[in-house]
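Heads up: the sequence shown begins at 1 in UniProt numbering, then just goes up one per residue.
The beta-carbon is built from N, C-alpha and C at its ideal position, and this holds for glycine as well.
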Amino acid sequence: MTTAGDELALLINPSAGRGRGARAGRRAAHRLAEAGLTVRTLAGRDVREAADLARESVEDGVRALVVVGGDGMVHLGLQAVAGSGTPFGVIPAGTGNDFARALGLPLRDPDAAADIVAAGALREVDLGRTDGQWFAGVVAAGFDAKVNDRVNRMRWPKGPRRYDLATFAELGVFTPIPYHLELDGEVLDLDAMLIAVGNIASYGGGLRITPGAELDDGLFDVVVVAPVSRATLVRAFRRVKHGTHTVYPFVTVHRARQVKLDAPGITAYVDGERLGPLPRTFDVVPRAQQVYAPAAGLP
Numbered sequence: 001m002t003t004a005g006d007e008l009a010l011l012i013n014p015s016a017g018r019g020r021g022a023r024a025g026r027r028a029a030h031r032l033a034e035a036g037l038t039v040r041t042l043a044g045r046d047v048r049e050a051a052d053l054a055r056e057s058v059e060d061g062v063r064a065l066v067v068v069g070g071d072g073m074v075h076l077g078l079q080a081v082a083g084s085g086t087p088f089g090v091i092p093a094g095t096g097n098d099f100a101r102a103l104g105l106p107l108r109d110p111d112a113a114a115d116i117v118a119a120g121a122l123r124e125v126d127l128g129r130t131d132g133q134w135f136a137g138v139v140a141a142g143f144d145a146k147v148n149d150r151v152n153r154m155r156w157p158k159g160p161r162r163y164d165l166a167t168f169a170e171l172g173v174f175t176p177i178p179y180h181l182e183l184d185g186e187v188l189d190l191d192a193m194l195i196a197v198g199n200i201a202s203y204g205g206g207l208r209i210t211p212g213a214e215l216d217d218g219l220f221d222v223v224v225v226a227p228v229s230r231a232t233l234v235r236a237f238r239r240v241k242h243g244t245h246t247v248y249p250f251v252t253v254h255r256a257r258q259v260k261l262d263a264p265g266i267t268a269y270v271d272g273e274r275l276g277p278l279p280r281t282f283d284v285v286p287r288a289q290q291v292y293a294p295a296a297g298l299p
């Protein structure tokens, strides 16, 4: 007789990656079953149902929770597993996949990602925590967050073009933001174009905004971009893909275990999700979660 402890819960976001999630989920379920694992396949009709299914499966005592989707599904799954002792896995199938990228997972091959889960190698990684929510990635809280706000108000066009148009529109009206920043108790009051708080190196599908951030060092990397002209900001962002923007003198990098951040009119985003308005306190929880990762990437 199969018990919950024998089952691996596979939570699928069917709409992830404009439909890639459903296809990736089917392939991953088949591959895991071929490896001899008992798979409990779950698919929520909406975010709330998916969150309930994740939580219920962990409470039921499944051997692991594996999500199929992007960073939003990672965020959802972490709310269920973090602190429970249940291992966590990711089959990348979203548009960003930054947490999967940080783990060194194959981003376009669900079979290979499922093989990593089946192999069973686990890595302990840090997570962030704010107001009771867990997160894995980079907190956006500046120009980047304003672009997200604008994207969420737009109904056209669909896809990446919406972000391009929102970025250009925001550039036309954006002014530096007055921040109150505390890094492990050190107080900084400053104007900046953005402040990013990173548990991993990238957000937005490989934009390496906090390029030195590591998943297991017990610290956030905090990148501050000082006030510059719009043209200079555009030039800097062209280098973010490669993480080389930190060479500019107007970009500074700090490291801290706790970050307190406040600014008027700024909504914070993380893992592709809206967190809510500042002020907020962000804490690193070292080695908070066991995740399936390539064995070669383990210490």
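Query: Please classify residue 302 as buried or exposed, where buried requires at least 16 neighbouring CB atoms within 10 angstroms.; Result: With the chain covering only 1 through 299, there is no way to say anything about residue 302.
Query: Nearest CA to the CA of Arg31: which residue from Ala263, Ala231 and Ala118?; Result: Ala118
Query: In this structure, what does DSSP give as the bridge partners for Val290?; Result: According to the sequence shown, residue 290 is Gln rather than Val. Paired residues: Glu124.
Query: Does the segment 113-131 come into contact with the segment 266-280, if we say contact requires no fewer than three beta-carbon pairs (one atom in each stretch) closer than 8 Å?; Result: yes
Query: Can you give the Cα-Cα distance for Asp189 and Leu278, rounded to whole angstroms?; Result: 15 Å
Query: Quick check on the burial criterion: 16 or more other C-beta atoms within 10 angstroms. Buried or exposed for Ser229?; Result: exposed
Query: With three or more C-beta pairs closer than 8 Å as the rule, is the segment 233-242 touching the segment 256-263?; Result: no
Query: For Glu7, tell me which candidate among Glu214, Val47 and Val66 has the shortest Cα-Cα distance.; Result: Val66
Query: Nearest-angstrom Cα distance between Val240 and Thr167?; Result: 15 Å
Query: So what does Gly5 bridge to, in DSSP terms?; Result: Gly5 pairs with nothing; no bridge assigned.
Query: Rounded to the nearest angstrom, how far is the Cβ of Arg108 from that of Ser202, given a contact under 8 Å?; Result: Wrong, their Cβ atoms sit about 16 Å apart, outside the cutoff.
Query: Whose C-alpha, out of Thr252, Pro227, Arg238 and Gly205, is nearest the C-alpha of Val221?; Result: Going by the sequence as given, residue 221 is Asp instead of Val. For the residues Thr252, Pro227, Arg238 and Gly205, the minimum Cα distance to Asp221 belongs to Thr252.
Query: Using the C-alpha atoms, what's the distance from Ala256 back to Val139?; Result: 14 Å
Query: Would the beta-carbon of Glu124 fall within 8 Å of that of Asp217?; Result: no
Query: Based on Cα-Cα distance, which residue from Asn148, Val68 and Gly206 lies nearest to His242?; Result: Gly206
Query: Can you tell me whether Lys158 is helix, strand or coil according to DSSP?; Result: coil
Query: Following the continuous beta strand (DSSP E) through Leu261, name the residue where it begins and the one where it ends.; Result: Gln258 to Asp262
Query: Would you call Trp156 buried or exposed, if buried means 16 or more other Cβ atoms sit within 10 Å of its Cβ?; Result: exposed
Query: Just to check my reading of the structure: Ala54 and Leu11 have Cβ atoms closer than 8 Å, yes? What is that Cβ distance to the nearest angstrom?; Result: 5 Å
Query: State the Cα-Cα distance for the pair Ala112 and Ala295, rounded to the nearest angstrom.; Result: 13 Å
Query: List, from N- to C-terminal side, the alpha helix (DSSP H) runs of 4 residues or more that fit wholly inside the segment 54-134.; Result: 71-81, 98-103 and 110-119
Query: Can you tell me where the alpha helix (DSSP H) holding Gly25 begins and where it ends?; Result: Arg20 to Glu34
Query: If we count the other Cβ atoms within 10 Å of its Cβ and call it buried at 16 or more, is Met154 buried or exposed?; Result: exposed
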